[in-house]
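Order-wise, the sequence lines are chains A and B.
Sequential numbering of the first sequence, starting at -16, is according to my numbering.
Sequential numbering of the second sequence, starting at 298, is according to my numbering.
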Amino acid sequence: MLEIRGLTKQFGGLFAVNNLDMIVNQGEIAGLIGPNGAGKTTIFNLITGFIPPTKGQIIFKHSDISGKSTHSIAEKGLVRTFQQNVFLPDLTVQQNMLASCYLHPKTGFWEAILNTSSYRKKEQYVCDRTMDILKFLGLDSVNDELVQNLPHGYQRLLGIAIALSTNPKLLLLDEPLAGMNAAEVSESLTFINRIRSAGTTVLLVEHNMRAVMGLCDRIVVINFGRKIAEGLPEEIKRNKNVIEAYLGTSENAAGT
Amino acid sequence: MSKGSQLVKPAGYTALVVFLVLVPLFIKGGYFLHILIMAGIAVILTSSLRTIATTGQISLAHSGFMAIGAYTSALLVRKLGLSFWASFPIGGIVAALVALLVGYPFVRVKRVYFAMLTLFMGAIIRLIIMEWRGLTRGTSGLLNIPPPDSIIIPGLVNIAFDSKVSYYYLILALALISLLFLYRIDSSRVGRIFLAIEQGDYVAESVGISVTNFKVLALCVGCFFAGIAGSFYAHYIKVLTPDSFGVLQAIYIIVYMVVGGRKKFYGAILGALTLTLLPEFFRVLKEYQPFVFVGILLVTIFLLPDGLVGLPDAVKPCIQRLRKVKISNA
């Protein structure tokens, strides 16, 4: 579904991402892990068009999307969430959803100004659908709360809800579990599994290793912008390169 | 919503419109009518500026775009002999086209940088008007701009634009139509998209909204109505000089919006009306208008950060406290 070939991003002399090849298959939950500063978020920014790649190709559903603008990539069905809690701060949960529900269905400018019956039908549909998504993620109870007053766990989920409102084919989750407590983590894991069963492919970056190992079908490990391992969770756990990247080499350990 | 409130709202609006239609019957002096007409222009300008501001951009070129509409319409009538009824929408369209042209490079920058660019844009428009003497007659001004052609439907209507009253009705109609249009934008999905862009352009972009296109759209719509207002102004005042469209005028429009309150649609209307009508009761201070405005602005920012529309929320706790005191006294 998503194929990355030779992706490179250079910031001055620094290779944030270096000649990366990677594949995400339809219907899977893929994990992208690596130590801090490995370049995971940069890869997300490249895939979703927030920054243009220096070199390489990103193929999504058989078309090259590298260098395209973020909104046109979203229109193709590739949407991300953010590492920080990003939303529309002065609005309620429902208003956030309504404002971000833009692609499905689209409305024309004049249709909206003239308040035609087809426009009103679409508005009703948008209302129903955003409500469905909020219920799906258990956010319907805080419908009318201002988002900036929500607890952190709800804010993280709202980020996912906003992304889901675009009906994505491939959803990129940037540390969806960051800062959550144990109960929230296990709840979120069920949601991510359900998103996949509903037909959305997921690629996620996450530092919670136990969650990643339990959730992902396949894992890609990167360090210093390079891929150092790829495979099933069991293989990754035993991979020497991965252990080295996270814990350092034995020589280093002996030296200290 | 109860059935009662659904009926009260349209009834209230109808009453308001009827009142506005009847106003000229009560006012004898032409001067006060003139003030009301200028207030009508200010309402269109402020509300259209608010539409631009809902995407998080403050334009300092609004008086410049008003000038484009004014000069376009006046020159089309004077040089090409067009009817006002054809030239005045063209004034708006030309202003919108100029906005479209500069919009794409301009909206690439945000906030204070956007404001700076528009400040220069306004200055450039004024410079062009001042220096292109062959067309605009520069600082000596464009004089004798003809009034709108009379509306004549044989046997039924014959409206000649020879009195303040007919201009009053024209601006009333213009303002109501403009406000209806802008209100539909604000309360529809387009307005929600603008709001999403203002509140979080990363989020907006990531859910598929083309932030650039919609920012330019807001700018074009806003400038179209600025052009319309300018074109009415030209044929009402009948004299155009570049001095009428300076930076100070642009800042006044922003002050109207801030004092009225940007968050609600009627805030812009409230601000424009208050600040154009209020100074008339303090005519002695006319020369010190900038001082007065600075004072009003400071008071608003400190006491009512949400503008006049925030007044009910600000007063509510005080009233509740008063009630409590009364009850405890009784």
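Yeah, the Cβ is synthetic: ideal placement off N, Cα and C, and Gly gets one too.
As the structure is a prediction and not an experimental result, all values here were calculated from the model.
First through last residue of the beta strand (DSSP E) which encompasses residue i
{"i": "residue 414(B)", "result": "Segment 408 to 428 is the alpha helix (DSSP H) holding residue 414(B); no beta strand (DSSP E) there."}
{"i": "residue -9(A)", "result": "-15 to -6"}
{"i": "residue 5(A)", "result": "-3 to 7"}
{"i": "residue 459(B)", "result": "First-last for residue 459(B): undefined, no H or E at that position."}
{"i": "residue 214(A)", "result": "209 to 214"}
{"i": "residue 184(A)", "result": "184 to 188"}
{"i": "residue 89(A)", "result": "Residue 89(A) -> no beta strand (DSSP E), and no H or E assigned at all."}
{"i": "residue 38(A)", "result": "38 to 43"}
{"i": "residue 13(A)", "result": "12 to 16"}
{"i": "residue 399(B)", "result": "Run containing residue 399(B): none in the beta strand (DSSP E); it sits in the alpha helix (DSSP H), 381 to 403."}
Residues near residue i by beta carbon distance below 6 Å, same chain, minus five either side
{"i": "residue 550(B)", "result": "342, 343, 346 and 359"}
{"i": "residue -2(A)", "result": "208"}
{"i": "residue 143(A)", "result": "64"}
{"i": "residue 520(B)", "result": "362, 392, 393 and 396"}
{"i": "residue 238(A)", "result": "For residue 238(A), the pLDDT reaches just 43, beneath the cut-off of 50, and the residue's location in the model is therefore unreliable, although a value from the coordinates is still provided. Taken in chain order, the list of residues that qualify is empty."}
{"i": "residue 564(B)", "result": "557, 558, 604 and 606"}
{"i": "residue 105(A)", "result": "88 and 90"}
{"i": "residue 589(B)", "result": "582"}
Burial state of residue i (16 or more Cβ within 10 Å)
{"i": "residue 615(B)", "result": "exposed"}
{"i": "residue 140(A)", "result": "buried"}
{"i": "residue 83(A)", "result": "buried"}
{"i": "residue 151(A)", "result": "buried"}
{"i": "residue 532(B)", "result": "buried"}
{"i": "residue 236(A)", "result": "Low local confidence applies: a pLDDT of 49 at residue 236(A) is under 50, so the model's placement there is unreliable, and no value is given."}
{"i": "residue 260(A)", "result": "Not covered by the structure: residue 260(A). The range shown for chain A is -16 to 239."}
{"i": "residue 430(B)", "result": "exposed"}
{"i": "residue 137(A)", "result": "buried"}
{"i": "residue 108(A)", "result": "exposed"}
{"i": "residue 436(B)", "result": "exposed"}
Neighbourhood of residue i by C-beta distance below 8 Å, restricted to the same chain and skipping five residues each side
{"i": "residue 601(B)", "result": "558, 607, 608 and 611"}
{"i": "residue 383(B)", "result": "373"}
{"i": "residue 131(A)", "result": "72 and 73"}
Proximity below 7 Å, CB of residue i to CB of residue j
{"i": "residue 89(A)", "j": "residue 29(A)", "result": "no"}
{"i": "residue 157(A)", "j": "residue 125(A)", "result": "no"}
{"i": "residue 522(B)", "j": "residue 445(B)", "result": "no"}
{"i": "residue 536(B)", "j": "residue 438(B)", "result": "yes"}
{"i": "residue 205(A)", "j": "residue 224(A)", "result": "no"}
{"i": "residue 22(A)", "j": "residue 195(A)", "result": "no"}
{"i": "residue 33(A)", "j": "residue 155(A)", "result": "no"}
{"i": "residue 530(B)", "j": "residue 330(B)", "result": "no"}
{"i": "residue 508(B)", "j": "residue 400(B)", "result": "no"}
{"i": "residue 337(B)", "j": "residue 472(B)", "result": "yes"}
{"i": "residue 547(B)", "j": "residue 304(B)", "result": "no"}
{"i": "residue 491(B)", "j": "residue 515(B)", "result": "yes"}
{"i": "residue 149(A)", "j": "residue 497(B)", "result": "no"}
{"i": "residue 569(B)", "j": "residue 364(B)", "result": "no"}
{"i": "residue 123(A)", "j": "residue 129(A)", "result": "no"}
{"i": "residue 183(A)", "j": "residue -16(A)", "result": "no"}
Supposed contact pair residue j and residue i - C-beta distance, whole angstroms, cut 8 Å
{"i": "residue 527(B)", "j": "residue 367(B)", "result": "4 Å"}
{"i": "residue 352(B)", "j": "residue 495(B)", "result": "5 Å"}
{"i": "residue 7(A)", "j": "residue 153(A)", "result": "7 Å"}
{"i": "residue 371(B)", "j": "residue 442(B)", "result": "5 Å"}
{"i": "residue 500(B)", "j": "residue 145(A)", "result": "6 Å"}
{"i": "residue 40(A)", "j": "residue -11(A)", "result": "7 Å"}
{"i": "residue 467(B)", "j": "residue 317(B)", "result": "Between residue 317(B) and residue 467(B) the Cβ distance is about 13 Å, and since that is not below 8 Å, they are no contact."}
{"i": "residue 16(A)", "j": "residue 175(A)", "result": "Rounded, the Cβ-Cβ distance is 15 Å, inconsistent with contact."}
{"i": "residue 476(B)", "j": "residue 348(B)", "result": "Not a contact, Cβ separation roughly 11 Å."}
{"i": "residue 77(A)", "j": "residue 113(A)", "result": "7 Å"}
Residue range of the alpha helix (DSSP H) that includes residue i
{"i": "residue 206(A)", "result": "Careful: residue 206(A) lies outside any alpha helix (DSSP H), inside the beta strand (DSSP E) at 201 to 206."}
{"i": "residue 608(B)", "result": "608 to 626"}
{"i": "residue 372(B)", "result": "359 to 377"}
{"i": "residue 23(A)", "result": "23 to 30"}
{"i": "residue 452(B)", "result": "That residue, residue 452(B), is in no alpha helix (DSSP H); it is neither H nor E in DSSP."}
7 Å Cβ cutoff, residue i in contact with chain D
{"i": "residue 493(B)", "result": "Any reference to chain D falls outside this structure, whose protein chains are A and B."}
Same chain, Cβ closer than 7 Å to residue i, neighbours up to 5 away in sequence not counted
{"i": "residue 433(B)", "result": "368, 426 and 439"}
{"i": "residue 408(B)", "result": "none"}
{"i": "residue 335(B)", "result": "573"}
{"i": "residue 101(A)", "result": "94"}
{"i": "residue 219(A)", "result": "202, 204, 212 and 225"}
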